[in-house]
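Take a look at the structure below.
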Amino acid sequence: MKKIVYLITLLCAVLLQETKAQPNGALYFEDAPNNMMRFYFDQNYFLVDKNCEFKYVERVSSFDKKTNKFEGVFKDFDPNGRLILTGHYQEGKKQGEFKAFHPNGALKWETNFINDAPSGSWKYYYPDGKPMLFVTITLNNFYINQYWNREGTQLVKDGEGKYDIDLPIVGFTDHGYTRFNRQGKVKNGQPDGIWYISFVDERKRRDTHLLFIEQYEDGRLNGKNFEEGFEHLLIAEEDFVFTPNDYFPRAEFMLSKRCSFDEFTGFNIFIANKFTKYLSEVGYSNNQDVQKEITYVVNVSKNGVPSSAKLENIASFSKEERFHFNQMINQIGYYLPSYNQSLPIADILTIKFVIQSQAGTIHISPVQIQREKGV
């Protein structure tokens, strides 16, 4: 198991040589006083335009333009100017003490890095300052040492006990849940026995819906079984981590997003993953190298319900391709509705992307979504 799974999709690589190299007129970074630079990120540490409504993090740091690496002490601030993260880079690698903070200024977590790898204990705290979770991280594993629930009851002590934690699900999903629960036995600091992973429904009162079960033996995963009823959904198993996820290392890759709700929520990534899954299951490419540009138009109601999805340029596709592509574009049962003056409206969406297949592996380029009337 790994402490953190970073969900990184290459949407746009930014070449940080000069500010003028920033694409499409977007301002992702600029010079700051004292030979520092200021970078603009969303909540998931994708670069966004300085004036984008989804900008959340401003990082002030030294930066080596020759290597495209952070250097020295950096500080991250939220939209209200509050410090939320600070740490240190040496030759582009995380080194020394890193600390994150809750919006109220209380310590959120603290750890140390040696040559880019976490070293020793990673300690998490609740906003009221009480301890939450202490884990020890090694190169290929981690150990749950201490864990307290929100009521302050210690459930895991010195690597023994029961782990029971709710964590967020980030980004657009097929299932619509925004939180999940993970619980099971901890033995010698590692998962042991049967673990239950459930969706958390908090619309009226807290309820859980079992998604899958994992079987561990001394920290080694021996099996996984999904509950019936979820087969038709795109389930990203990497979403269901063991510990609170922080995406700050993504900043090092300098990945950018356009200032749109589709990209901020990851809806365009969801579409790409959904289509990739379908094409892989039907054996679309048959191990042949293929590249196809796809454009389709779909009507979307103000409630997000699609209708009349239609492929364009169908003359360039074979009969079999037309069949598969039509089936593919009808895999999406819900679209984010368009908005005009803060109200949802019916709209016509044009979706564009490129399907590439090489040696049997299918990849879909970043999906572009154009909305005719709204945003």
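Numbers -21 to -1, 1 to 354, taken from mature numbering (1 follows the signal peptide of the UniProt record, and there is no 0), label the letters of the sequence shown in order.
For each residue, glycine too, the CB sits at the ideal point set by N, CA and C.
Cβ-Cβ distance between residue i and residue j below 8 Å
{"i": "V36", "j": "A11", "result": "no"}
{"i": "L213", "j": "D145", "result": "no"}
{"i": "G353", "j": "I324", "result": "yes"}
{"i": "F151", "j": "G262", "result": "no"}
{"i": "D43", "j": "K72", "result": "no"}
{"i": "L234", "j": "L26", "result": "yes"}
{"i": "F304", "j": "I341", "result": "no"}
{"i": "residue 397", "j": "R158", "result": "Nothing can be reported for residue 397, as the shown portion of the chain is limited to -21 through 354."}
{"i": "F191", "j": "E207", "result": "no"}
{"i": "P285", "j": "V277", "result": "yes"}
{"i": "S41", "j": "E50", "result": "yes"}
{"i": "V114", "j": "K141", "result": "no"}
{"i": "I123", "j": "G99", "result": "no"}
{"i": "Q74", "j": "F56", "result": "no"}
{"i": "Y104", "j": "W88", "result": "yes"}
Secondary structure of residue i, DSSP reduced to three states
{"i": "S295", "result": "helix"}
{"i": "Y175", "result": "strand"}
{"i": "F302", "result": "helix"}
{"i": "N201", "result": "strand"}
{"i": "N247", "result": "helix"}
{"i": "M111", "result": "strand"}
{"i": "P82", "result": "coil"}
{"i": "S100", "result": "strand"}
{"i": "T255", "result": "helix"}
{"i": "F92", "result": "strand"}
{"i": "E193", "result": "strand"}
{"i": "F77", "result": "strand"}
{"i": "A230", "result": "helix"}
{"i": "I63", "result": "strand"}
{"i": "I348", "result": "strand"}
{"i": "E242", "result": "helix"}
{"i": "E181", "result": "coil"}
{"i": "E217", "result": "helix"}
{"i": "G353", "result": "coil"}
{"i": "I308", "result": "helix"}
{"i": "E50", "result": "strand"}
Nonlocal neighbours in the same chain, by C-beta distance under 7 Å from residue i, ignoring five residues either side
{"i": "I348", "result": "D241, N247, L328, I330"}
{"i": "N252", "result": "L213"}
{"i": "I148", "result": "Y156, T157, R158, F159, D218"}
{"i": "E351", "result": "D326, I327"}
{"i": "N204", "result": "F191, I192"}
Residues that residue i bridges to, as DSSP identifies them
{"i": "M16", "result": "D10, S40"}
{"i": "D153", "result": "Looking at the DSSP assignment, D153 forms no beta bridge with any residue, so it has no partner."}
{"i": "R161", "result": "I144, I176"}
{"i": "residue 369", "result": "There is no way to answer for residue 369, as the model of the chain reaches only from -21 to 354."}
{"i": "I341", "result": "S336"}
{"i": "Q125", "result": "F113"}
{"i": "L290", "result": "Y275"}
{"i": "residue 357", "result": "Outside the modelled stretch of the chain, which goes from -21 to 354, sits residue 357, for which no answer is possible."}
{"i": "N319", "result": "L322"}
Residues of its chain near residue i, where Cβ-Cβ distance is below 8 Å and the 5 sequence neighbours each way are ignored
{"i": "D268", "result": "S336, Q337, A338"}
{"i": "Q270", "result": "V333, I334, Q335, S336"}
{"i": "Q306", "result": "Y257, V261"}
{"i": "K34", "result": "Y19, F20, D21, V27, D28, P58"}
{"i": "E9", "result": "T(-3), M16, R17, K29"}
Contacts around residue i, its chain only, beta-carbon distance under 6 Å, and the 5 residues preceding and following it disregarded
{"i": "Y24", "result": "Y226, F227, R229, A230"}
{"i": "S344", "result": "F332, V333"}
{"i": "P97", "result": "T90, I116"}
{"i": "Y314", "result": "V279, G283, P285"}
{"i": "R301", "result": "I293"}
{"i": "V52", "result": "H67"}
{"i": "residue 437", "result": "Given a span of -21 to 354 for the chain in the structure shown, any question on residue 437 remains unanswerable."}
{"i": "S287", "result": "N278"}
{"i": "K78", "result": "T65, E89"}
Tell me whether the segment 186 to 201 and the segment 163 to 177 touch, counting them as touching only if at least three CB pairs, one residue from each stretch, are closer than 8 Å.
yes
For the segment 128 to 140 against the segment 221 to 233, do three or more pairs of beta-carbon atoms, one drawn from each stretch, fall closer than 8 Å, so that the two count as touching?
no
Kindly confirm or deny that the segment 76 to 95 and the segment 47 to 61 touch, where touching means at least three C-beta pairs closer than 8 Å.
yes
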